[in-house]
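Chain order of the listed sequences is A and B.
Quick note: the first sequence uses the numbering used here, first residue 1, plus one each step.
Quick note: the second sequence uses the numbering used here, first residue 1001, plus one each step.
Written below as structure tokens is the structure these notes are about.
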Amino acid sequence: MTGRAPLSQLPVLLSPLLPRSLHPLAWWVWALALAVAAAQTTNPLLLLALVLVACVVVVARRTDQTYARAFGWYLVAGAVVIVIRVLFRVLFGGGDAASPGDPVLMSLPALDLPWAGGWTLLGDLTGSALLAATIDGLRLAAMLVCVGAANSLADPRRLLKSVPPALHEVGAATVVAVTVLPQLAESVVRVRGARRLRGGAGSRRDRLRSVVVPVLEDAVERSLALAASMDSRGYGRRAAVPEGSRLLVGGLLIGGLMGLLVGVYALLDATTPYWLGLPVLLGGVAAAIVGLAVAGQRVRRTRYRPDRWLAPELFTVLCGVALACCFVATANAEPLVANPVLSPPSWPTLSMLPCLGLAAALLPAVATPEVQRAREPVPA
Amino acid sequence: MIVFDDVWFGYDGADRQVLRGVDLEVPEGELALVAGPTGVGKSTLLGAVNGAVPHSTGGRLSGRVLVAGLDTRDHPPRDLAHVVGRVGQDPSATFVTGTVEEELAYGMEQLAVPPATMRTRVEQTLDLLGIADLRHRRLDSLSGGQQQRVAIGAVLTAGPRVLVLDEPTSALDPGAAEEVLAALLRLVHDLGVTCLVAEHRLERVVEYADRVLTVASDGTVRSAEPALAMATSVVAPPVVELGRLAGWSPLPLSVRAARRAAGAVCPVNVANGPVAWRIPPAMGPVAPRRPAADVVVRARGLVVRHGATVAVRHADLELAAGETVAVTGRNGSGKSSLLWALAGASAPAAGTVTVAGDDITSAAPRARRRLAGLVPQTASDLLYLETVADECAQADAESQATAGTCAALVARILGPVDTDRHPRDLSAGQQLGLVLAVQLTAAPTVVLLDEPTRGLDYAAKRRLVVVLRELAADGHAVVVATHDVELVAQLADRAVVLADGELVEDGPTVEVVATSPTLAPQVAKVLGPPWLTVDQVAAAREREEVAGHG
């Protein structure tokens, strides 16, 4: 049973640009391409522009689900990463000789730790060191924001629903975990409130116990209720599988895994013969894919309104890949643009190539279908 | 459609059988109501219908359970998903996906229903249950009644011929309960779905039932016509009790039937004495006690916010010692927030609460316990030790009370209880009683209870009312937030109605409750104000008899 309905019944989806949610995989590839691009450069202007591109696309195309609202927190987390990176530089970066022409911003007392491998705490802080730490933090933050963008643009649950049928169980478990976590948080808040009602007396161990025990009991009860509900709604039904097919699947999957292990080991270890490397690796991958495909036939499920891969999805992926390619090319062809000289600090420059890439990455903000917003609830 | 053939069920190692020789048959298209006190095995009976008992609960089941001709022995719940749909007590705990539409489709995906059929069925179900406007909503943004309807829809899309519902309206306010019941009745009437419903709030369901399955505490189950079952049932809604008191025959099950029976002179009733008497009695109910004027709790301009939502807006409230006050209103109208703020357990955004002259929000936790004791909605959140005795000892220590104070309170509230039992093994009513005792150990000036009747049967509720009235007589101010209109009628001297965080009404219970179509208890609907409870009618009648003899 495939998930394809007669086309006459789905005229809406035939028009790829009508408001709808893009295939989650498209957004993830786009966002990961952005992250790859961010890893290629230490040019703060490019990094900031990249973050800006991510923000604009998120604002234009995010859904109104809970996780989409978390994007602001990713920005905050990015800022925290920069601050931590700078603090680490101030704390552990001492002892670097200041190059001539590099002003010492702050002279802190150096603390030598010879017993800890020659580390020096604090010490002189130079302008270029501070700049390098900030830019490094900015690069990490940019990558974090890219992941946040993917999270806000594509429902992670929908992404999990797109996994191949054989991995359906793993997908289901993850979906449940995603649902249960907020419930657990809510339960902690509730129990802590209840704890206050009892006066909050007792030792620290008592206090911890008085929160952990009810929360765990709550979680176990919820899990049992959920398991019973899934069971009574048909979860885990299987088609009758002949013994031979089950053995075949097991053999293929185990063989495939072993092939992967041996192949990777052989590739990394120069002393093993060549035939044990790439060919075994490829063979392992092939066996695993066939195993998954055969196992997938055992699962009898259908998909309700599966996400479809249409032109806008391909376009979005291409836009992301274009940006990554532009940044990689810049790093190779124009190293001074990609990685400006920090010592002595110089004003970063821009060139045509990365800007074209950024423009391409921005296109999905307008050239993809709009998100269909949930209608406002009718007031009761 | 559903056949139980000499079914026995018990857990290994337990000396008591939960179900004992159950023989029953529910024909297709009937709405069967499962009634009985808490903890007698109503949920077990329901679970046995789709094989969840014993396939997922464990235990030993003998005899045969047949659903649409399928034996649950050979078919685990997942293989019966297209035959039996089961909706649990807490719908939010049974949701697997994120949005309404996905949740409706989930069961069909598991059953490999073709996509085109799925689309059709989702649309039909959305219309059938009146939830089409919710289709894109997140499940956790729904109200209780909406969640319940979505949970029913989620099992309905698989096309089952039997629906099993465990307490579908217990946690809902009257309005939401009516929505759910209306949806359920449409399924029974229009689709001929066989429904098996367990419900403590019999007054909501019994008039629609075709059959009542009464589960007794020894594990036997009796199947009877509703009127027959209600004539002798230990649990009965107020309208039935009124009918029994008046000796009406046939016994009215709905307010409408009772209203038609009322007003007529009753024939000589042998069981109740030789005097013919009128319903309602000529003597009115005893005027409610006027509470002492000694105000102990003063809330001024109270504002409670949760982020952008204003839960309570500028509430002014005064509570006197010895007064019982019911705070009522829809689910989500700010009842809980008001109670938590009055107990000083959550800091208000503005305004003050003073209890016995002390500002409660700035009081230290231990001092606060002596001012206000709150029993939260999920009472079991407060319990974390292994035995009842440990909990009591801990409560004594927390309240700096003399050892044994809490144990004495437990004995007073619950009667004799085995104090070595684990608190989680107690029934919902006993847990509530234990938590109430824990909170009373500090002898608080004001006692607050949030939605205490959830999961309580009529007997437990009556016991709670007695205990709370005693507390009020001892000089505690008692505040109960509830949407249980019968509890309000039985308990409260004064009722406060909240809507959207604002205090809309505040006055004597009779005045507040009797004029409202949703808040009026059944007796008020039948006899009109000032009658609120069956007890009032019985008391007035006794006085009449005494007067008649004298």
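Glycine is no exception: its CB is placed at the ideal position from the N, C-alpha and C atoms.
Every value quoted in this text rests on a predicted model; they were computed, and no experiment measured them.
**OP:** With Pro1226(B) as the anchor, note down where its alpha helix (DSSP H) starts and where it stops.
**Re:** 1226-1232
Subject >> chain A contact for Val1438(B) (CB, 8 Å cutoff) >> reply: yes
Original post:
Within 10 angstroms of its Cβ, does Thr1405(B) collect 16 or more other Cβ (buried), or is it exposed?
Top reply: buried
Subject >> Per-residue contacts from Gln1430(B) into chain A (C-beta, under 7 Å) >> reply: Chain A residues near Gln1430(B): none, gap ~16 Å exceeds 7 Å.
Subject >> Enclosing alpha helix (DSSP H) for Arg207(A) [first to last residue] >> reply: 204-232
Subject >> Beta-carbon proximity of Arg1300(B) to Val1526(B), cut-off 8 Å >> reply: no
**OP:** Specify the secondary structure class of Pro1274(B) as computed by DSSP and reduced to three states.
**Re:** For Pro1274(B), the predicted structure reports a pLDDT of 39, less than 50, and the residue's modelled location is therefore unreliable. A value from the coordinates is still provided. In this structure, Pro1274(B) counts as coil in the three-state DSSP scheme.
Subject >> Other residues of its chain near Glu1502(B): CB distance less than 6 Å, five sequence neighbours each side excluded >> reply: Arg1313
Original post:
Are the C-beta of Ser1056(B) and some C-beta of chain A separated by less than 8 Å?
Top reply: yes
**OP:** Determine the direct distance from the alpha carbon of Ile84(A) to that of Pro114(A), and round the result to whole angstroms.
**Re:** 25 Å
Subject >> CB contact below 8 Å: Tyr235(A) versus chain B >> reply: yes
Subject >> Cβ pair Val1053(B), Gly1059(B) closer than 8 Å >> reply: yes
**OP:** Give the C-beta separation of Ala1379(B) and Val1325(B) to the nearest angstrom, bearing in mind that I take them to be a contact with Cβ-Cβ under 8 Å.
**Re:** Their Cβ separation, rounded to whole angstroms, is 20 Å, which puts Ala1379(B) and Val1325(B) out of contact at 8 Å.
Subject >> Where Asp1457(B) sits in the DSSP three-state scheme >> reply: coil
**OP:** Quick one: residues in its chain with C-beta nearer than 6 Å to the C-beta of Leu1213(B), no 5 flanking neighbours on either side, listed in chain order?
**Re:** Ala1032, Val1034, Val1221, Ser1223
**OP:** Name the residue from Asn151(A), Pro214(A), Trp73(A), Arg301(A) whose alpha carbon lies nearest to the alpha carbon of Leu1382(B).
**Re:** Pro214(A)
Original post:
Counting contacts by CB-CB distance shorter than 8 Å, is Ala287(A) in contact with chain B?
Top reply: no
Original post:
Under the three-state reduction of DSSP, which class applies to Trp1008(B): helix, strand or coil?
Top reply: strand
Original post:
Below 8 Å between beta carbons: does that hold for Pro1168(B) and Gln1148(B)?
Top reply: yes
Subject >> Where Ile1360(B) sits in the DSSP three-state scheme >> reply: coil
Original post:
Using 8 Å as the limit for Cβ to Cβ distance, is Gly199(A) near chain B?
Top reply: yes
Subject >> Cβ-based burial, Arg205(A) [other Cβ within 10 Å; buried from 16] >> reply: exposed
Subject >> Min CB distance Thr302(A) to chain B below 8 Å >> reply: yes
Subject >> Spatially closest choice to Asp1418(B) from Thr1445(B), Ala1048(B), Glu1386(B), Asp1396(B), by CA coordinates >> reply: Glu1386(B)
Original post:
Are the C-beta of Val371(A) and some C-beta of chain B separated by less than 8 Å?
Top reply: no
Subject >> Asp1353(B) and Ala1367(B) closer than 8 Å at C-beta >> reply: Correcting the residue type first, residue 1353(B) is Val in the shown sequence and not Asp. No; because the gap between Cβ atoms is not below 8 Å, this pair is not in contact.
**OP:** State the Cα-Cα distance for the pair Gly1063(B) and Asp1006(B), rounded to the nearest angstrom.
**Re:** 5 Å
Original post:
Beta-carbon separation of Val1205(B) and Val1197(B) under 8 Å?
Top reply: yes
Subject >> At least three beta-carbon pairs within less than 8 Å, the stretch 240-254 of chain A to the stretch 174-190 of chain A >> reply: no
Original post:
What residues in the stretch 1169-1180 of chain B have a beta carbon less than 7 Å from any beta carbon of chain A?
Top reply: none
Original post:
Is Asp1210(B) helix, strand or coil when you go by DSSP?
Top reply: coil
**OP:** Reducing DSSP to helix, strand and coil, say where Glu1486(B) ends up.
**Re:** helix
Original post:
Alpha carbon to alpha carbon, how far is Glu1542(B) from Gly1334(B)?
Top reply: 41 Å
Original post:
So what's Ser1516(B) in DSSP terms, helix, strand or just coil?
Top reply: coil
**OP:** Give the DSSP-derived three-state secondary structure of Met352(A) in the structure shown.
**Re:** helix
Subject >> Proximal residues to His1200(B) (C-beta, below 6 Å), its chain only, five neighbours per side dropped >> reply: Ser1170, Asp1457
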